[in-house]
Every structure is written in structure tokens, then in C-alpha cells.
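For the sequence shown, position 517 matches number 517 in the UniProt record's numbering, and the numbering has no gaps at all. Glycine residues also receive a C-beta, built at the ideal position from the N, C-alpha and C atoms. Keep in mind the model is a prediction, meaning the values are calculated, not measured. This report refers to the structure that appears directly beneath it.
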Amino acid sequence: MTDQHDVFQPDQSIIDNAWVSDWKTLEEKAKADPVAYWEEQARNLEWSKPWDKVLDDSGKPFFKWFTGARTNIVTNAVDRHLNTARRNKLALIWVGENTDEVRTFSYFALNREVEQMANVLKAMGVRKGDVVTIYLPRIPEIFFAMLACAKIGAVHSVVFAGYSSEALNQRIDGSESKVVITADGSWINGKVFPMKQIVDDAVKFSPTVENVIVVRNTKSDVAMDSTRDHWYHELCKLPIAKGKCQTVQVDAEDPLFILYTSGSTGKPKAIVHTHGGYQVGTYTTLRNCFDIKEEDRWWCTADPGWITGHSYLVYGPLLNGATVFMHEGGPTYPYPDGWWQLIEHYGITSFYTAPTAIRTLMRFGEAWVRKHDLSSLRILGSVGEPINPEAWRWFHDVVGNGKCPITDTWWQTETGMFQITTVPAMPLKPGAAGRPVFGQEAAVMDEEGNELPPGQEGFLVLKNPWPSMMRTLYKDPDRYLDTYWKKYPGLYLTGDSARIDEDGYIWIIGRTDDVIKVSGHRIGTAEVESALVSHPAVAEAAAIGLPHEVKGNSIHCTVILAQGYEPSKQLTADLRAHVAEVLSPIAKPDSFDFVEKLPKTRSGKIMRRVLKARALGQDEGDLSTLDD
Ligand code: PRX
1 MTDQHDVFQP
11 DQSIIDNAWV
21 SDWKTLEEKA
31 KADPVAYWEE
41 QARNLEWSKP
51 WDKVLDDSGK
61 PFFKWFTGAR
71 TNIVTNAVDR
81 HLNTARRNKL
91 ALIWVGENTD
101 EVRTFSYFAL
111 NREVEQMANV
121 LKAMGVRKGD
131 VVTIYLPRIP
141 EIFFAMLACA
151 KIGAVHSVVF
161 AGYSSEALNQ
171 RIDGSESKVV
181 ITADGSWING
191 KVFPMKQIVD
201 DAVKFSPTVE
211 NVIVVRNTKS
221 DVAMDSTRDH
231 WYHELCKLPI
241 AKGKCQTVQV
251 DAEDPLFILY
261 TSGSTGKPKA
271 IVHTHGGYQV
281 GTYTTLRNCF
291 DIKEEDRWWC
301 TADPGWITGH
311 SYLVYGPLLN
321 GATVFMHEGG
331 PTYPYPDGWW
341 QLIEHYGITS
351 FYTAPTAIRT
361 LMRFGEAWVR
371 KHDLSSLRIL
381 GSVGEPINPE
391 AWRWFHDVVG
401 NGKCPITDTW
411 WQTETGMFQI
421 TTVPAMPLKP
431 GAAGRPVFGQ
441 EAAVMDEEGN
451 ELPPGQEGFL
461 VLKNPWPSMM
471 RTLYKDPDRY
481 LDTYWKKYPG
491 LYLTGDSARI
501 DEDGYIWIIG
511 RTDDVIKVSG
521 HRIGTAEVES
531 ALVSHPAVAE
541 AAAIGLPHEV
551 KGNSIHCTVI
561 LAQGYEPSKQ
571 LTADLRAHVA
581 EVLSPIAKPD
591 SFDFVEKLPK
601 TRSGKIMRRV
611 LKARALGQDE
621 GDLSTLDD
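In C-alpha cells form, the structure reads like this:
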């Protein structure tokens, strides 16, 4: 690639070999008739009954896709490969945090594992439509569990393995799960994270949980309740686990999973995705934007507990028949070249990670990368937050050796699939996410509902429905309408601010609501605040995001202490530990201010803008609405 004023032009060989070479024509064609475009894509997958209608918008914004069709995402992600030569190729290569531990599964073997887990779930009484909570680390069983649920028409609700018992309890109760699948523990930088213990605390007060399946992973001692808890490897020895298990054909609009994510209130939102549209969206976008091929070894470093893991670690690559690589460990343990070592050793071709990981690894210097032969790489990807041009260049020049396009993908838990990104044949601009995916159109709006011209910053909206869009919020359709469709009727409100340049490339600026992206994780300020006020020392708290060199944003809290408490180093440490314990270590505040009073409007709303200005030592701006 050659650098021309910050625009990287792809090499002709990349363009020639890509699934999508003539992107301009395809973009125009899809723009002219998005529904026809999506119908064409859907024909690449198997349906046991075809659709009556591609898009049913009669109840919009409760859009439906491929209505009348019967399918199952597992039919397309696993079963259909078994009738081809692909049955003997590797579906999954797994490497533990201890990299001597390796497990591999062909598509044939993956199917056997999924059938076994599905048989166990059926024997426990899990039926179509039931929600199963999955609280597992990055181990192969998380693939089996998700696919097993889908196979029998059950709905999975994966909870990120770093959430605490309170957060897990809230999510189990919200979904009324009868079964929870977990592990004894997980490895984090050489130490055991006690997952089973967290589940025990979480289900103590859950009226619905009847069975807990425990996968042996760390081999640590755990308490087992003989009436409720079952070792998975013991269950697998029973006759109930044996034999074939048919993939149930479901309605295209039947739910596949719910996934909790943070919003502007303390109560997390349960996003609902369905079998039919979701499979079309994830299959198509991975194929187009990462040019994924049969012979690729695809590594997405995201945890399966987030949407990126769902769409592009588990479902997308399997739908495309690729080989998925999954690693239990993080980027710097035990040394900061662990990931580069794995890329070299396993011949990874496509590497999809987050800016925060890139920035972390960048700080250790090029030498750690240069020690390894990364010539197998042909494409790189970024997700979760804006990638700053400096990190982009390092990723491109050092990791990709100047030859791999970087696909920066902007999307959300709600969107299920990429929305703003590039395909490898497009010119790239470091720091810009790219263009709306084929079939999508985006705009930037002002407060009053006017579309803004290129260059101006405003609220980012999406104009067209897309197959893998969330269908609703689980048991909360009103919040779905209010959050996403009320501000600008007919347009999907993303919650991000952005600007569009003259070439139609979109530059994401950040969230406009009370959500902070910390190391790419989505954290609601209200969740942090409610964790803080549950500590006896805290009378009132306000959390905001501040710019952070590595994490993108850090969490800064302004706290009013309860009577009898004084600020101290110890108290600060206690409050950080408290948030980690009741919410998650990923939500630990970075800094605190202790004050007598919070700046509020006359109607009692905290003025976060003022807190931010104070923390950054900037001008506080217009204070006319401040209560005194
Ligand atoms: O603010 C945007 C940011 O992450 C938000 C969505 O978070 P979540 O639902 O956790 O999904 C993350 C992974 C898909 C968005 O509203 N975001 C995500 N990707 C990017 C991004 N910001 C800038 N560039 C991106 N590539």
C-alpha cells in the first residue's frame, strides 16, 4: 500500500483477489434496492422453507426479516459443512492461557460436541424458547454451549465471565433461566478467577435456576450442591448425552440470543437477536469486509461474552466455513509477544482486535513484534472504539508489515453486524471507520432533526433497516422505542457522535449518552454510580469518562461522602475494590474527587459537562442552569 496524504490505496492484488472487487458498483446497486441486496445474500445460506417476504416493515420499527422462512443458524454454521469436504477441516483451534494446552476440533468433531451438549440440555428439560445463561471463559465449551442452545431452539444469554455475582444475578433473573452453564474457574494472568463461586452467590437468590452445569477448566476445588450442580464431564458419560441430536428448524424470526449491554440507566438492556436475519448479516459482512475464505485462519481476540465474540468469533466465521482460532489469554501475559508468537505458530491470516490492545502492545516497542514472522497475516481489523491514527499506523506498519489492509469496524451490540467499515478493496483513512456497509445509509443530525453537511459533527443515525438488527429489548419494547427511535422518527439513533467527510467516510467521535467505552468495554455511568452508593461511605456519586492514552477513556468519579467518612488513600482503594466486586473489575474507577456538593441543574440533573471541565482543568462554560 502507498501513503497518499493519509489515504492508503490497496494493492491491486488485494483488489483482484477479494470477494468484492468492484465495491463502487455493489454499493450503488445495494443503495438502489437494499431489500433485493439482502435477499441475494440470504440465498447463500440454507433455509428449510423459503421466506414469504424479505422485509416486513408493517410494524416498524419492529422490523421483521425473512418472514415465513424456516431455518436454524446451526444448520448453516455447522450442519451444512458436514456434507462437504469441510467436515474434516479444522473448525476451531483453541490454545489455553498456558499455551501448551491445545485443543482442536474439525467441523465433524465440533458437531459431535454440540450434539452432546444439546442432548444434556434437552435431558434437563430445556425446550424451544427457554433462556439458558452461559457464564463461561474463553474455552471451547462456550462454542458448544451457544451452538447447543441454538440447535434445540433455546435462547442463549451469555454473560461476560468478568461480571460479579450481583451483575450475574440480575441477568439470570431478568431472563428467568432454569439452567446456568459455567466452569470451576478461569485463568487470568496465571491466577484462578473463581467463576463457580460467583455463580453460587448469584443463584442463591434466583428463584428460577434448577440446574448448574460445571465445566472442569482450572481443576480448582469448588463446592458442588448435589441437588443442583453437575460436572459436565460426568454428565457426558451418561446415556442422556449420547446419540444424534437433530437441529430444530425454527422460524426465521425466532430468538437466537439475548445479550445484556449497558445503557444510560443502571438497568442493563437485554438485546434480542433472531436466527434468520442475524445469520445473513454476520455471514455477509464477515465475507465482504474481511474477505474471509475457506483457507483462512481467523483470530478475533474478543471474548464470546460480548457481541463481537458472538458475531465474529463464533457465528460469522463458522457460517463462512473458516477455521477459528481462540486463545484463553490476554495480550501481555506472560510476555508482551504472546499474541505475535501465536500468530506465527498457528499461521493466522486474519487478526481482529481492539485499539486498546494495540495501544497496550505498542508501548512495549516494535522489537517484541519483529522477533516473529507474521507474514501469514493478510488482513487486520479493529473494533470497539475509535482507533487513533498513531495506533492505526503502528498496527499497519509494524504488525501488518505495511501490506495488510485494516478493516476498522463500527457497530454495536444492537446492530449485530458491522454498520460502518470498509472492504479490503477500498482506500483506507487512518482514524475513519469507513463507509456504511452495502445496503445501509448513515447521516449526521443536529438537535433539531436536520441532516448536517459534510464536516460537521452531530448525532449519528442509520437510515435503513438491516437483517441482523435487534428486534426489541427483551420484555421491554417501550424502552426499545424510546432509546432508539424516538429522537428522530424513522431513523435509528446510534448514541454516537460523528462527522462525515467529503468522500463519504465516517469519523466516529464517541458516545453522546451516559455510556463510557473503557478499553472497548461498554460501561454505563449509572451502573458505576449505583455500585458506589451501595458502599456505606458514599452518599452520592457521579461517574464520567475522561480521555486515557491506552484505555480510550478512564472512569472518573466525583463522590460526596456520607457523614463520618473522610477521604483517604485507603478509602479510595476500598471504593475501587467495591465497584470491582459488585459490578466487575472492568468497571473499576481510575480516579476520584471528593466534594461537598455536585453541580446540578435546577431540576436536579447532574451536570457532567461541568464535572468533566473541572477534572480536565478546562473552562466550565455556560453555568446559567446551575442550581446555585
Ligand atoms: O461508541 C461506539 C463504539 O462502541 C459502541 C458499541 O459498543 P458495544 O455495543 O459494546 O459494541 C462494541 C463492539 C461492536 C458504539 O456505539 N464503537 C464500536 N466500534 C467502534 C466504535 N467506535 C469507533 N470505532 C469503532 N470501530
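Determine the contact status of Val-444 and Leu-452, defining contact as a CB-CB distance below 8 Å. Start at 1 with the first residue of the sequence shown, and residue 444 comes out as number 444. Start at 1 with the first residue of the sequence shown, and residue 452 comes out as number 452. Against a cut-off of 8 Å, the Cβ pair of Leu-452 and Val-444 comes out as a contact.
With respect to the beta strand (DSSP E) encompassing Gly-277, which residues constitute its N-terminal and C-terminal limits? Along the sequence shown, one-based indexing puts residue 277 at 277. Careful: Gly-277 lies outside any beta strand (DSSP E), inside the alpha helix (DSSP H) at 275-289.
Can you list, in chain order, the residues of its chain with a C-beta nearer than 7 Å to that of Thr-176? Leave out the 5 residues immediately preceding and following it. Taking the first residue of the sequence shown as position 1, residue 176 is located at position 176. Per the sequence shown, the amino acid found at residue 176 is Glu instead of Thr. Correct list, in chain order: Val-131 and Thr-208.
Would you give the residue range spanned by the alpha helix (DSSP H) that Tyr-474 belongs to? For this step, residue 474 is matched to residue 474 along the sequence shown. From DSSP, Tyr-474 is part of no alpha helix (DSSP H); its letter is neither H nor E.
Looking at the strands, I want to know which residues DSSP matches up with Phe-325. For the purposes of this step, residue 325 is taken as the residue at position 325 of the sequence shown. Phe-325 has Ile-93 and Trp-299 as its beta-bridge partners, per DSSP.
Quick check: the Cα distance between Asp-3 and Ala-252, rounded to an integer number of angstroms? On the sequence shown, position 3 is the one that residue 3 refers to. On the sequence shown, position 252 is the one that residue 252 refers to. Residue confidence for Asp-3 is low, a pLDDT of 41 falling below 50, so the modelled location carries little weight and cannot support an answer.
Whole alpha helix (DSSP H) elements within the region 336-383, 4-residue minimum: Here the runs fully enclosed are 338-346, 355-362 and 367-370.
How close, in whole Å, do the beta carbons of Asp-303 and Arg-138 come, if the pair is a contact with beta carbons under 8 Å? Numbered from its first residue, the sequence shown carries residue 303 at position 303. Numbered from its first residue, the sequence shown carries residue 138 at position 138. Confirmed, Cβ separation roughly 6 Å.
Coil, strand or helix - Thr-494 by DSSP: The residue you call residue 494 lines up with position 494 of the sequence shown. Look at Thr-494 here: in three-state DSSP terms it is strand.
Please report the residue range of the alpha helix (DSSP H) in which Trp-392 lies. Taking the sequence shown and counting its residues from 1, the one referred to as residue 392 is at position 392. Here the alpha helix (DSSP H) through Trp-392 covers 389-394.
Could you please give me the residues that DSSP links to Met-445 through a beta bridge? Counting from 1 along the sequence shown, the entry for residue 445 is found at position 445. According to DSSP, Met-445 shares a beta bridge with Glu-451 and Phe-459.
Would a C-beta distance cut-off of 8 Å place Trp-311 and Arg-522 closer than the cut-off? Working through the sequence shown from its first residue, we reach residue 311 at position 311. Working through the sequence shown from its first residue, we reach residue 522 at position 522. The sequence given here has Ser at residue 311, not Trp. One thing to note: Ser-311 has its Cβ no nearer than 8 Å to the Cβ of Arg-522.
Assigned exposure category for Gln-570 - 16 Cβ within 10 Å defines buried: Counted from its first residue, the sequence shown places residue 570 at position 570. Burial call: exposed.
Measure the C-alpha to C-alpha separation of Gln-412 and Leu-259 and round it to an integer number of angstroms. The residue you call residue 412 lines up with position 412 of the sequence shown. The residue you call residue 259 lines up with position 259 of the sequence shown. Going from the Cα of Gln-412 to the Cα of Leu-259 covers about 11 Å.
Assign Leu-473 to one of two classes, buried (16 or more other C-beta atoms within 10 Å of its C-beta) or exposed (fewer than that). Within the sequence shown, residue 473 is the residue found at index 473, counting from 1. Its Cβ being crowded by 16 or more others within 10 Å, Leu-473 is buried.
Using beta-carbon positions only, say whether Ser-468 and His-156 come within less than 8 Å of one another. Taking the first residue of the sequence shown as position 1, residue 468 is located at position 468. Taking the first residue of the sequence shown as position 1, residue 156 is located at position 156. Cβ distance not < 8 Å, so Ser-468 and His-156 don't count as in contact.
Is Val-114 near ligand 1 - that is, is its Cβ less than 7 Å away from at least one heavy atom of it? For this step, residue 114 is matched to residue 114 along the sequence shown. For ligand 1, not one heavy atom lies less than 7 Å from the Cβ of Val-114.
Lys-322 vs Trp-340 beta-carbon contact at 8 Å: Your numbering for residue 322 matches position 322 in the sequence shown. Your numbering for residue 340 matches position 340 in the sequence shown. Contrary to the premise, residue 322 reads as Ala rather than Lys in this sequence. Not a contact, by the Cβ cut-off of 8 Å.
For Asp-229, count the other beta carbons within 10 Å of its own beta carbon; 16 or more makes it buried, fewer makes it exposed. Which is it? Translated into the one-based positions of the sequence shown, residue 229 becomes position 229. Counting Cβ neighbours within 10 Å, Asp-229 comes out buried, since at least 16 surround it.
Suppose you measure from the CA of Lys-600 to the CA of Ala-541; what does that come to, to the nearest Å? Locating residue 600 in the sequence shown gives position 600, where the first residue counts as 1. Locating residue 541 in the sequence shown gives position 541, where the first residue counts as 1. Take the alpha-carbon of Lys-600 and the one of Ala-541: they are about 12 Å apart.
Helix or strand or just coil, what does DSSP make of Trp-38? Start at 1 with the first residue of the sequence shown, and residue 38 comes out as number 38. Three-state DSSP puts Trp-38 in a helix.
Using beta-carbon positions only, say whether Asp-501 and Thr-512 come within less than 8 Å of one another. By one-based count along the sequence shown, residue 501 stands at place 501. By one-based count along the sequence shown, residue 512 stands at place 512. Result no, Cβ atoms of Asp-501 and Thr-512 do not sit closer than 8 Å.
Suppose you measure from the CA of Asn-72 to the CA of Met-426; what does that come to, to the nearest Å? As a working note, residue 72 is residue 72 in the sequence shown. As a working note, residue 426 is residue 426 in the sequence shown. The alpha-carbon atoms of Asn-72 and Met-426 are separated by roughly 33 Å.
Please confirm whether any heavy atom of ligand 1 lies closer than 7 Å to the CB of Ala-433. Counting from 1 along the sequence shown, the entry for residue 433 is found at position 433. Yes, the Cβ of Ala-433 comes within 7 Å of a heavy atom of ligand 1.
Opening and closing residue of the beta strand (DSSP E) in which Val-131 lies: Locating residue 131 in the sequence shown gives position 131, where the first residue counts as 1. Looking at the DSSP string, the run of the beta strand (DSSP E) that includes Val-131 is 131-135.
Look at the alpha carbon of Gln-419 and the alpha carbon of Cys-289, and state the distance between them as a whole number of angstroms. Position 419 of the sequence shown, counting from 1, holds the residue named residue 419. Position 289 of the sequence shown, counting from 1, holds the residue named residue 289. Roughly 11 Å between the two C-alpha positions.
Span of the beta strand (DSSP E) holding Glu-540? Position 540 of the sequence shown, counting from 1, holds the residue named residue 540. Start and end: 538-548.
Does the Cβ-Cβ distance between residue 629 and Glu-385 come in under 8 Å? Look at the range of the chain in this structure, 1 to 628, and you will see that residue 629 is not part of it.
Taking Asn-189 as the reference, which of Tyr-135, Glu-97 and Gln-246 has the closest Cα? As a position in the sequence shown, residue 189 is number 189, starting the count at 1. Nearest in C-alpha terms to Asn-189, of all of Tyr-135, Glu-97 and Gln-246, is Glu-97.
My assumption, with CB atoms under 8 Å, is that Ser-164 sits in contact with Ile-198. Please give the rounded CB distance. For this step, residue 164 is matched to residue 164 along the sequence shown. For this step, residue 198 is matched to residue 198 along the sequence shown. Contact holds; Cβ gap of about 7 Å.
Between Pro-317 and Val-74, what straight-line distance do the alpha-carbon atoms span, to the nearest angstrom? On the sequence shown, residue 317 is found 317 positions in, with the first residue counted as 1. On the sequence shown, residue 74 is found 74 positions in, with the first residue counted as 1. CA-to-CA, the gap between Pro-317 and Val-74 works out to about 12 Å.
Bridge partners - Arg-70, DSSP secondary structure assignment: Locating residue 70 in the sequence shown gives position 70, where the first residue counts as 1. Under DSSP, Arg-70 shares a beta bridge with Lys-49 and Asp-251.
Among Ala-270, Ser-624, Arg-216 and His-396, which one has its Cα closest to the Cα of Arg-171? As a first step, residue 171 is located in the sequence shown; it is residue number 171 there, counting from the start. In this structure, Ala-270 is the residue among Ala-270, Ser-624, Arg-216 and His-396 with its C-alpha nearest to the C-alpha of Arg-171.
May I ask you to report which of helix, strand or coil DSSP gives Ser-175? On the sequence shown, residue 175 is found 175 positions in, with the first residue counted as 1. Ser-175 falls in the helix class under three-state DSSP.
Is any heavy atom in ligand 1 found nearer than 7 Å to the beta carbon of Pro-547? Stepping through the sequence shown from its first residue, residue 547 is reached at position 547. Result no, Cβ not under 7 Å from ligand 1.
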